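Numbering (the UniProt record's numbering), first residue to last: 1 to 591.
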């Protein structure tokens, strides 16, 4: 019989729902199958591949490390009860009657795979891993039992031991979420109140654990040199590190959580993208948005971070005493940070026109608009060209309007059959087109005698969401539908004119939030891609708040390395750090 081992630093908790442990398996089974079904019905091929690979790693680990002997199937918490009972276990293909002299309080009886553990910390990565483990375990049991896809008779509650390293410096939201999750999914959780290494040493001395599932991903500081199966490092207690999501990106993690609609810690909806302790974590300022009403910073959810490489931009070192009022959610002794300095507003650019997709016309407006947005401190998340088709445009606008501060559209404006922009925007917002008297008056004034009939079709605009942007230098106002702006420019000269008017309108109406401008530095080198790759990867981890990218003008030409950010000192520090990794003269500054 497994034993409860008592020590001051460890507390064994069996966090179960108040119902009997012998309740029907249907709810657990249904919940897990919903996750598997959500992935398999998703049109995200990348997510399906990542899911299948992770499930394979989990099943392989379980096959290697989860053999259970009948005498090792029990972990009992609580005291002996006066009731006597006989329990029969059918989970390994045989029936093992419980010896009649054992009498226990039934709600406290659980099964546990002794040699495998799962390290859960309440973060997004380990939350993903939890649900992958649940799915992987039950699919593993299905294969073992040859139950042809019907798992309802093949298993029992999630039996993998869960370990949680509780810390006084953890966010209260993380602690709450961890315990709530453990209760929801009946996790058999060991709470350890020591540092990771000491806690593992104590745990492995007392329990026969051979493998631990970890939510480590490439890009994490601890991931260097690891593979999906990696023995523990020298100086650590011996166990196999199993990393099913090692090759998952930030985007993959959020695709899984949102597709499967599982709960995650509430801090991620408050702008936190990577959560450590209260002493080294703040909301990611790249997700900060202005709130002019109360002059207080607000943050978009973590899943709206466009560049996953900047996931750790909210991790900052403890440098000075806290400044009262900064990030009211935490008081973590951090150096004062000006959110405006690193705050990022994002825009997407949509071009409408079959002629662009056919290659008949070279699109010059898109790159020019990207440069203009970049010059005022805005980041462009995506540029897209769509067909002259209402549905195609509506789908793209619907995607982009919810994840960007502003969407700019050009092309497809006018009375021609191919001019679908206004109709596409109306469909994306779920409103109808209706006559706009003010816009019609402007068109009549512009068109003069060419304007015939009682109605002008071009004056049909999306109802209740349209704002006309008037400027004395514009013959016809620009159209803005909530956060979507329609530009009518057809060449660079017209775009320059309309952009100038938008900037002037910004000073009076706050149309485009004024951001701290980008600063940049550019290096040129003759190093090969292979020589530069690893040092640059490490540099990206050291400076997660910067964009560090490379390109070549020709395959045999020099390698151009770009540093982009909003803090000149950080740019210079990153450039200096790169130079130190190579011999003197390896780079020339071409800024």
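Think of the CB as a built atom: it goes at the ideal place given N, C-alpha and C, for glycine as much as any other residue.
Note that the structure is a prediction, hence the values are computed from the model and not measured.
Query	Result
Where DSSP assigns a beta bridge to residue 345, which residues make up the other side?	378
Out of curiosity, what's the CA-to-CA distance linking residue 600 and residue 410?	What is shown of the chain runs 1 to 591, which leaves residue 600 out entirely.
What is the DSSP secondary structure of residue 117, counted as helix, strand or coil?	strand
Given residue 250, which residues of its chain have a CB within under 6 Å of its CB, disregarding the five upstream and five downstream residues?	308 and 311
To which residues of the same chain is residue 578 closer than 6 Å at the C-beta, ignoring the five residues directly before and after it?	539
Determine the DSSP secondary structure at residue 588, reduced to helix, strand or coil.	strand
Looking only at its own chain, which residues have a Cβ that is under 6 Å from the Cβ of residue 266, when we skip the five neighbours before and after it?	173
Three Cβ pairs or more, each shorter than 8 Å: is that satisfied between the segment 240-255 and the segment 276-283?	no
Is residue 256 closer than 8 Å to residue 47 when the C-beta atoms are compared?	yes
Suppose contacts are defined by Cβ-Cβ distances below 8 Å. Is residue 525 in contact with residue 586 by that definition?	yes
What three-state label does DSSP hand residue 263 in the structure shown?	coil
Hey, would you say residue 192 sits closer than 8 Å to residue 166, going by beta carbons?	yes
Taking only the alpha-carbon atoms, compute the straight-line gap between residue 588 and residue 556 and give it to the nearest angstrom.	17 Å
Jot down the residue ranges of each uninterrupted beta strand (DSSP E) in the segment 180-238, minimum 3 residues, whole runs only, in chain order.	188-192, 211-213 and 229-231
So, for residue 503: in the same chain, excluding its five sequence neighbours on each side, which residues have a beta-carbon less than 7 Å away from its beta-carbon?	none
List the endpoints of the continuous alpha helix (DSSP H) containing residue 421.	421-429
Only counting the same chain, and skipping five residues up and downstream in sequence, which positions put a Cβ closer than 7 Å to that of residue 32?	134, 135 and 138
Can you say whether residue 207 is buried or exposed, counting buried as having 16 or more other CB atoms within 10 angstroms of its CB?	buried
Tell me where the beta strand (DSSP E) around residue 620 begins and ends.	Past the boundaries of the shown model lies residue 620; the chain is included only from 1 to 591, so the question cannot be answered.
According to DSSP, simplified to helix, strand and coil, what is residue 446?	helix
Just list the residues that DSSP pairs residue 479 with in beta bridges.	468 and 486
Report the start-end ranges of each beta strand (DSSP E) in the segment 273-313 that is 3 residues or longer and not cut off at the edges.	none
My output table needs one value for residue 597: the three-state DSSP class, helix, strand or coil.	The structure shown does not extend to residue 597, since the chain spans only 1 to 591, so no value can be given for it.
If residue 607 sits next to residue 377, beta carbons under 8 Å apart, how far is it from one beta carbon to the other, in whole angstroms?	With the chain covering 1 to 591 only, the question about residue 607 has no answer from this structure.
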